[in-house]
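Remarks on the structure that follows.
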Amino acid sequence: MLGRRRWWMAVAALGAATLGLCGCDNKSKEAAPGPDRPAAPGASEPWKVGAYLSLSGAETQFGIETKEGIELATDAINAKGGVKGRQIKVLYEDDKSNPQETNNKVLQLINRDKVVALLGEVSSSRSKIGGIVANKYKVPMITPSSTSPEVTQVGPFVFRVCFTDDEQGKLGAEFVVKTLGKKKVGLIYASDDLYSAGLAQQFKDAVVQRGGAVTIEKSFPKTETNFTTYINELRDAKPEIIYAPVYYSSMVPIARQAKAAGVPGSMFVGGDGWDADTLLADAGEELEGAMFTNHYAPDVPWPNAQAFLKAYKDRFKHEPTSLGAMGYDAALMLYDAMGRAKADTPEAIRDAIAETKGFEGATGTIAIDAERNADKAVVIVQIKGKKFTYYTTVNDKPAAKP
Amino acid sequence: MDKIVSALITGLAQGAMIALVSLGYTMVYGILKLINFAHSEVFMMGAFIGLFSILAFGGQSSPLVAGVAGTLCAMAFAGLLGTLVERVAYAPLRARGRGKANTRITPLVTALGMSVLLQNLAQLLFTARYRGYPQLLPIEHTRKVIFVTAVVVMVGLELLVHRTWMGKAMRALSVNVEAARLMGVRTSRVISITFITGSVLAALGAVLYCLDQSQVYPTMGVVIGTRAFVAAVIGGIGNIPGAMLGGLLIGVIGEMTKLTPYSGLQDVLIFTALIVVLLVKPTGLLGKQAIEKV
Chain A
1 MLGRRRWWMA VAALGAATLG LCGCDNKSKE AAPGPDRPAA PGASEPWKVG AYLSLSGAET
61 QFGIETKEGI ELATDAINAK GGVKGRQIKV LYEDDKSNPQ ETNNKVLQLI NRDKVVALLG
121 EVSSSRSKIG GIVANKYKVP MITPSSTSPE VTQVGPFVFR VCFTDDEQGK LGAEFVVKTL
181 GKKKVGLIYA SDDLYSAGLA QQFKDAVVQR GGAVTIEKSF PKTETNFTTY INELRDAKPE
241 IIYAPVYYSS MVPIARQAKA AGVPGSMFVG GDGWDADTLL ADAGEELEGA MFTNHYAPDV
301 PWPNAQAFLK AYKDRFKHEP TSLGAMGYDA ALMLYDAMGR AKADTPEAIR DAIAETKGFE
361 GATGTIAIDA ERNADKAVVI VQIKGKKFTY YTTVNDKPAA KP
Chain B
1001 MDKIVSALIT GLAQGAMIAL VSLGYTMVYG ILKLINFAHS EVFMMGAFIG LFSILAFGGQ
1061 SSPLVAGVAG TLCAMAFAGL LGTLVERVAY APLRARGRGK ANTRITPLVT ALGMSVLLQN
1121 LAQLLFTARY RGYPQLLPIE HTRKVIFVTA VVVMVGLELL VHRTWMGKAM RALSVNVEAA
1181 RLMGVRTSRV ISITFITGSV LAALGAVLYC LDQSQVYPTM GVVIGTRAFV AAVIGGIGNI
1241 PGAMLGGLLI GVIGEMTKLT PYSGLQDVLI FTALIVVLLV KPTGLLGKQA IEKV
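For the protein sequence lines, the chains are A and B, in the order given.
Numbering-wise, the first sequence is residues 1 to 402 according to my numbering.
Numbering-wise, the second sequence is residues 1001 to 1294 according to my numbering.
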């Protein structure tokens, strides 16, 4: 008995000692690089840019595609000799799709690695966290694909290259009422999902402003999978078109059940939440002819987009999604601003990003507006023959070219 | 009127599916007084295995063979998983807690732990991606299949519980596990069989559910698990016809709500119904007042 207890004590002591050692070790490691590290890198040293992404966890797929886009842009610029004669080195950090981890990783990139700018996050909630930190330490940040309006509202150092949900809802309405000429609209959305409900609200207001009307409106909790009754209701109200700003995960059962209830896929118009291969694989046939507002389409006729598409396919051996395209644009827009900046400091780069006008990216011509959002056209994608195809672009601001 | 009838039919199919899952909760509770929170994850795992085996058996090219064989595979796997969960997480605790007063709360905690573990395991193995089932049957027919299957299962289960030796043993256990053991019932075997039955039915429900309307993803168990659990409680947990009634009720209430402008509030309504039922009749609609021994 005593023997056993002593044994346990020995193990415990050993454990404590190891912990102690680790602690010391960590401290000494952390202490070392700080003071003797040069604050401003020399002229020949590469630029350090930080990217925090979901490279593991729930949104891994999105994170990896964004990273591929950033890599492509970085290598292209480095092959041309870099920015101001210096190569660019992107330091990638994995936030594991986790908000707490995001905070740590962004702090590490800023304080330990002294990056001049940040690229980051797909998810709006994590971009907002990263943005708050970036703004506090005065390091400019560009989010490739976070569409929540709140993200850039955190402060003057945070920008985006995608459109906001507000903009998307408005332009969706512009497309439905002006381009398609449909006045009687049905609406179905997830009432407890910020993205879906926000888009629905923006859309509804914008449709009314443009002389249309939402004749029937159905909302569901986002965990819902049985849509038959909703679809019957929508069908019986006989709208000319149904706007469904929902994620693809809800759209698959909606499409299948709609087809069973006799509502054709071409009745539906959606948002960028539809942009997933899964939607094509699982409900491609049911959604034949349906359209949605998006950042990008694989066959969009702009030369930049086509060049991107070719380079991406050559390198990664698969079709890029809009996440890859936006990662690419975010990185390129940052490098463009770094080239124009009057000094090599984060503040000067911030000012250069804020002055971006007429930037030609893979996802269109981008100007940064006063709220640090991207002013750009929305691409309308149509599902045709189980493929996403380019339909048209919509822009209600005459100032920016499509 | 047409609307109401069609909503009623959809609701009954939906409810039958919920009822299939809620049987697992109700059976385990009836015998062990344990709410097996891992049940919803057995459902989810069943759905994944169902999808993989349906695809392996040819999917849409041979719908009947793939559907039946895939469902059987999913059921077999879920049965195994159910026993495994019971052996790993509940049986050792039961053995240790024998004779001690407070033995309810520990298995409850391990049940929650098991649920989280299985969910994360699924995310690790299958990733968080949503995967769609191939459409083996048109939706109208899938719904008929669901309803008929649920009714057949329910009748079969009633026969099992009331007409067989195993059913008698189950009922004996539900009255008093220790006494049943003293009378020569091999309690751990009966408990295993209860878990297997519940899990097999969950997998059946899972495959039918996915064929009808859903995709498969690691957290799908939470949604349907909550509803099934509420159904079991509304019907009177521990009572098999009660679970059926509760499931149908929830299905129909849910669909009826969708006809109103307050369609986003169906979960609110379902939980309100739960509270009302529990206030009026704390044992649930078909639950019997337990006789407390003095």
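Idealized CB from N, CA, C, for every residue including glycine.
Keep in mind it's a predicted model, so treat the numbers as computed, not measured.
Taking residue i as the query, report the chain A residues whose CB atoms sit under 9 Å from its CB, ordered along the chain.
i, result
"L1051 (chain B)", "The contacting residues do not exist; L1051 (chain B) stays about 11 Å from chain A at best."
"E1255 (chain B)", "N226, T228 and T229"
"Q1119 (chain B)", "Within chain A, no residue comes near Q1119 (chain B); the closest Cβ sits about 12 Å away, beyond 9 Å."
Let me see if you follow: with CB-CB separation under 8 Å, is residue i close to chain C or not?
i, result
"Q257 (chain A)", "Absent here is chain C; the protein component of the structure consists of chains A and B."
Ordered along the chain, which non-local residues of its own chain (more than five positions away) have a Cβ less than 7 Å from that of residue i?
i, result
"D299 (chain A)", "T389 and Y390"
"P346 (chain A)", "V116, A117, K138, V139 and P140"
"G120 (chain A)", "A51, Y52, L53, S127, G130, M141 and T143"
"G1167 (chain B)", "L1160 and V1161"
"L107 (chain A)", "V133"
Tell me, which residues are paired with residue i by DSSP?
i, result
"V269 (chain A)", "A:Y243 and A:M291"
"W47 (chain A)", "A:I88"
"R160 (chain A)", "A:T143"
"G120 (chain A)", "A:Y52"
"R1131 (chain B)", "B:V1216"
"E93 (chain A)", "A:Y52"
"V83 (chain A)", "A:R86"
Of all Cβ atoms in chain B, is any one closer than 8 Å to the Cβ of residue i?
i, result
"L21 (chain A)", "Bear in mind that the predicted position of L21 (chain A) carries a pLDDT of just 46, short of 50, making it unreliable; the figure below should be weighed with that in mind. No, its Cβ sits nowhere closer than 8 Å to a Cβ of chain B."
"Y391 (chain A)", "no"
"E121 (chain A)", "no"
"S196 (chain A)", "no"
By Cβ distance below 8 Å, which residues in the same chain neighbour residue i in space, the five residues on each side in sequence not counted?
i, result
"L1108 (chain B)", "L1034, I1035 and F1037"
"C162 (chain A)", "T143, P144, S145, S146, T147, H295, M326, T363 and A374"
"D369 (chain A)", "D375"
"V252 (chain A)", "T278, L279, D282 and A283"
"A261 (chain A)", "T228, I231, N232 and R235"
In chain B, which residues lie with their C-beta within 8 Å of the C-beta of residue i?
i, result
"A213 (chain A)", "Within 8 Å Cβ-Cβ: nothing; A213 (chain A) doesn't reach chain B, min ~16 Å."
"D192 (chain A)", "G1264"
"S124 (chain A)", "The premise fails here: S124 (chain A) is roughly 18 Å from chain B at the closest Cβ pair, so nothing lies under 8 Å."
At 7 Å on the CB atoms, spell out the chain A contacts of residue i, in chain order.
i, result
"A1128 (chain B)", "A58"
"S1263 (chain B)", "K218, S219, F220 and Y230"
"V1223 (chain B)", "T223"
"S1006 (chain B)", "N232"
Is the CB of residue i under 8 Å away from at least one CB in chain A?
i, result
"P1138 (chain B)", "yes"
"T1272 (chain B)", "no"
"Q1060 (chain B)", "no"
"K1003 (chain B)", "yes"
"T1187 (chain B)", "no"
"T1010 (chain B)", "yes"
"K1293 (chain B)", "Low local confidence applies: a pLDDT of 47 at K1293 (chain B) is under 50, so the model's placement there is unreliable, with the coordinate-based value given in what follows. False, the Cβ-Cβ gap to chain A never drops below 8 Å."
What does residue i touch in chain A if you count any residue whose Cβ is under 8 Å from its own?
i, result
"G1132 (chain B)", "V252, T278, A281, D282 and A283"
"K1258 (chain B)", "K218, F220, T229, Y230 and E233"
Short of 6 Å in beta carbon distance, which residues of its chain neighbour residue i, apart from the five on each side in sequence? Order them along the chain.
i, result
"D166 (chain A)", "P149 and Q202"
"V1217 (chain B)", "First, the amino acid is wrong: residue 1217 (chain B) is Tyr here, not Val. These residues qualify, in order along the chain: Y1130."
"A348 (chain A)", "A341 and K342"
"E286 (chain A)", "A255, R256, K259 and G265"
"F1195 (chain B)", "G1082, T1083 and E1086"
"M1045 (chain B)", "L1081"
"K357 (chain A)", "A367"
Could you work out which residues of chain B lie near residue i, taking near to mean beta carbons separated by less than 9 Å?
i, result
"A260 (chain A)", "P1138, I1139 and E1140"
At a cut-off of 7 Å, is residue i close to the ligand COA when judged by its beta-carbon and the heavy atoms of the ligand?
i, result
"A1069 (chain B)", "The model depicted lacks the ligand COA and carries no ligand whatsoever."
Along chain B, which residues have their Cβ under 7 Å away from the Cβ of residue i?
i, result
"S249 (chain A)", "Y1130 and Q1215"
(request) Write down every uninterrupted run of the alpha helix (DSSP H) in the region 1023-1088 of chain B whose length is 4 residues or greater and which is fully enclosed by it, in chain order. (result) Taking only runs of at least 4 residues, the alpha helix (DSSP H) segments lying wholly in the region 1023-1088 of chain B are 1039-1056 and 1063-1085.
(request) Tell me the start and end of each unbroken beta strand (DSSP E) in the region 337-398 of chain A that is at least 3 residues and wholly inside, in chain order. (result) The region 337-398 of chain A contains these whole beta strand (DSSP E) runs: 359-361, 364-368, 378-384 and 387-394.
(request) Only counting runs of 4 or more residues, tell me where the alpha helix (DSSP H) segments fall wholly within the region 179-256 of chain A, in order along the chain. (result) Taking only runs of at least 4 residues, the alpha helix (DSSP H) segments lying wholly in the region 179-256 of chain A are 194-209 and 228-236.
(request) Scan the region 1166-1213 of chain B and note each continuous alpha helix (DSSP H) run of 4 residues or more that stays entirely inside, going in chain order. (result) As for any alpha helix (DSSP H) of minimum length 4 sitting wholly inside the region 1166-1213 of chain B, the runs are 1177-1182 and 1187-1212, ordered along the chain.
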